[in-house]
Amino acid sequence: MLLISLITEQTFSKIFYFIIDELRRSPGIFIGAFFYIRISEISKTTGAFVYYHIMKEIKEPCRKIIHIDMDAFYASVEQRDHPQYRGKPVAVGSPSKRGVIAAASYEAREYGVRSAMPSVLAIRKCPDLIFLKPRFHIYKQISVQIHRIFSEYTDLIEPLSLDEAFLDVTINKKNLKSATHIAQEIRDKIMDQTNLTASAGISINKFLAKIASDINKPNGMYLIKPEEVDTFLCELPIHKFFGVGKVTAQKMNNLGIYIGADLRRISLEELIRHFGKTGIYYYNVVRGQDNRPVEPSRIRKSIGAEATFYNDIVNDDILLNHIESISEDVWSRMLRANVFGKTLTLKVKYHDFTVNTHSTTQSNYIDTQEELFTLAKRLLEIRRFPDKPIRLLGLSVSNLNNSSVTKEFEQLCLNL
Ligand SMILES: [Mg+2]
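238 is the number that my numbering gives to position 238 of the sequence shown; each next residue is one higher, with no gaps.
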């Protein structure tokens with residue numbers, strides 16, 4: 001007791017944060033309560049203070065998320081394996097009329113060549129562009145290799161593609177406290193084992209980690225500390241927000257929104273009025289709020305939303321309103337997951353619980369909200385029983401760009 005009363009406030013806070021850290025590893029109300037009882041023996045006020053902070057930490061533990069992204073992956077692998085292409089503008093993909101660039105080397109990027117760009121346009125920008133056939137079996141092998149490195153630290157790994165993944169290292173297998181340290185170790189190991197560079201973003205959630213990994217690319221990393229989140233987001237140009245495409249950025253500019261601080265000044269109601277349900281997403285992320293967990297080994301096959309009605313519906317106008325709001329919902333989910341699809345499926349459950357589905361497949365990815373809604377409307381019009389009351393409507397998008405990319409490019413190569 002005597003010893004405890006001699007502890008200075010500074011030492012006390014050090015011990016306190018040490019205990020908090022330990023508690024994060026094995027959180028639980030009972031531990032918190034037990035600690036409260038012990039500490040209240042010292043002083044009631046200190047006890048309450050400590051208890052409040054423990055409970056706050058247990059409820060909202062600050063997560064440590066890393067986003068790892070290989071630099072110009074396919075192109076870098078080709079330059080690694082073919083020294084004659086090093087230092088030259090290289091594109092992986094097909095130069096054919098309908099070809100698309102899968103990856104561009106940094107030399108090619110200097111000419112303005114980007115991945116997903118039509119090859120015809122890329123050639124116009126860089127006439128000396130060297131086209132190489134993708135070798136997906138090699139990329140997959142490397143992907144397995146880097147995945148193995150990630151799993152030395154955590155099992156909470158969410159791959160976004162062959163060369164990109166989120167890692168939750170809040171609790172990690174090596175008991176390392178610094179996520180920055182972990183990111184550095186991972187990048188070093190990737191270099192050692194594959195002779196390729198990766199960039200990393202480190203922060204408190206997926207949205208911020210993803211933006212951070214782009215900042216010091218290539219071969220760099222960036223940490224957005226919890227206390228820096230506000231300033232960082234306020235100063236961030238609007239087109240850099242994950243999920244804000246060209247069209248949305250233009251729309252935001254027209255509303256006087258150029259940086260995060262401008263976006264913050266807009267009320268939730270106004271954002272919803274202009275951007276539908278996606279407005280909620282913008283409202284949250286600009287405040288650094290993104291609670292999506294890191295979901296291990298899940299490659300999405302489809303993305304969708306549905307609504308069950310309180311009363312069965314026959315009226316076409318009411319159904320149309322519902323399909324509009326469901327398509328808004330699906331669109332905002334697509335943005336958040338960063339996936340687009342070619343197939344849209346409408347699910348209709350009638351009052352007698354019979355279910356019908358209708359699908360349409362496009363040759364290109366459905367990549368605007370308007371297109372999604374127009375297709376959904378069309379599907380609703382061709383439903384089989386126009387007079388039967390409906391109790392549920394659902395929309396889902398499949399044939400997504402996350403899993404089919406590989407197949408498509410393999411197909412493209414066969415066509416060469
Ligand atoms: Mg990459």
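Where is the CB? At the ideal position from N, CA and C, for every residue including glycine. Values in this document were obtained by computation on a predicted structure and should not be read as measured data.
{"query": "Taking 8 Å as the threshold (C-beta atoms), are I326 and E295 in contact?", "result": "no"}
{"query": "On the criterion of 16 or more Cβ atoms from any shown chain inside 10 Å, does G256 qualify as buried, or is it exposed?", "result": "exposed"}
{"query": "Locate the alpha helix (DSSP H) running through H181, then write down its first and last residues.", "result": "179 to 194"}
{"query": "Just reading off the beta strand (DSSP E) that F309 is part of, what are its end residues?", "result": "302 to 313"}
{"query": "With respect to 7 Å, is the separation between the Cβ of M70 and the closest non-hydrogen atom of ligand 3 below this value?", "result": "Ligands present in the displayed structure are limited to ligand 1, and ligand 3 is not among them."}
{"query": "What residue does the beta strand (DSSP E) around D230 start on, and which one ends it?", "result": "Run containing D230: none in the beta strand (DSSP E); it sits in the alpha helix (DSSP H), 229 to 235."}
{"query": "Just the Cα atoms here: how many angstroms apart are L392 and D163?", "result": "39 Å"}
{"query": "For a test of your reading of the model: does the CB of E295 fall under 7 Å from any non-hydrogen atom of ligand 1? Yes or no.", "result": "no"}
{"query": "Comparing the CB of D163 with every heavy atom of ligand 1, is any distance shorter than 7 Å?", "result": "yes"}
{"query": "Output needed for A108: all residues of its chain with C-beta closer than 8 Å, excluding positions within five of it in sequence on either side, in chain order.", "result": "A75, P89, V90, A91, A122, C126, L129"}
{"query": "Going by DSSP, what residues sit across from V92 in a beta bridge?", "result": "A103, L132"}
{"query": "Since T343 sits in a beta bridge, which residues does DSSP pair it with?", "result": "T361, S398"}
{"query": "With distances taken from CA atoms, which of K377, R333, S332 is nearest K347?", "result": "K377"}
{"query": "If you follow the beta strand (DSSP E) that Y222 is in, where does it begin and where does it stop?", "result": "221 to 223"}
{"query": "Closer than 8 Å is the cut-off here; do at least three beta carbon pairs connect the segment 373 to 388 with the segment 250 to 265?", "result": "no"}
{"query": "Comparing C-alpha positions only, which one of L319, K301, S302, I303 sits nearest to F309?", "result": "L319"}
{"query": "Identify the residues that DSSP records as bridge partners of L392: which are they?", "result": "T308, K349"}
{"query": "Taking its Cβ as the centre, do 16 or more other Cβ atoms sit within 10 Å of F385, making it buried, or is it exposed?", "result": "exposed"}
{"query": "Say the cut is 7 Å; is the CB of F418 nearer than that to a heavy atom of ligand 1?", "result": "Beyond the ends of the chain as shown, which are 1 and 416, falls residue 418; an answer cannot be given."}
{"query": "When the Cα atoms are used, what is the spatial distance from N195 to N216?", "result": "19 Å"}
{"query": "Nearest to H82 by alpha carbon, out of I65, S105, H67?", "result": "S105"}
{"query": "Within 10 angstroms of the Cβ of P134, are there 16 or more other Cβ atoms? Answer buried if so, exposed if not.", "result": "buried"}
{"query": "Which partner residues does G201 have in the DSSP bridge list?", "result": "H67, Y222"}
{"query": "Should L263 and V247 be called a contact, given that it needs their Cβ atoms to be closer than 8 Å?", "result": "no"}
{"query": "On a CA-only basis, which of R63, F241, R98, A103 is nearest Y70? Give me that one, please.", "result": "Per the sequence shown, residue 70 should be read as Met rather than Tyr. The shortest Cα separation from M70 among R63, F241, R98, A103 belongs to A103."}
{"query": "Just to check my reading of the structure: F275 and F242 have Cβ atoms closer than 8 Å, yes? What is that Cβ distance to the nearest angstrom?", "result": "Not quite, the Cβ-Cβ distance comes to about 15 Å (not below 8 Å), so this is no contact."}
{"query": "Taking the runs of the alpha helix (DSSP H) that are 4 residues or longer, which of them lie wholly in the segment 114 to 160?", "result": "119 to 125, 136 to 150"}
{"query": "Quick one: measure Cβ to Cβ for I65 and S203, integer angstroms, because I've assumed they're closer than 8 Å.", "result": "6 Å"}
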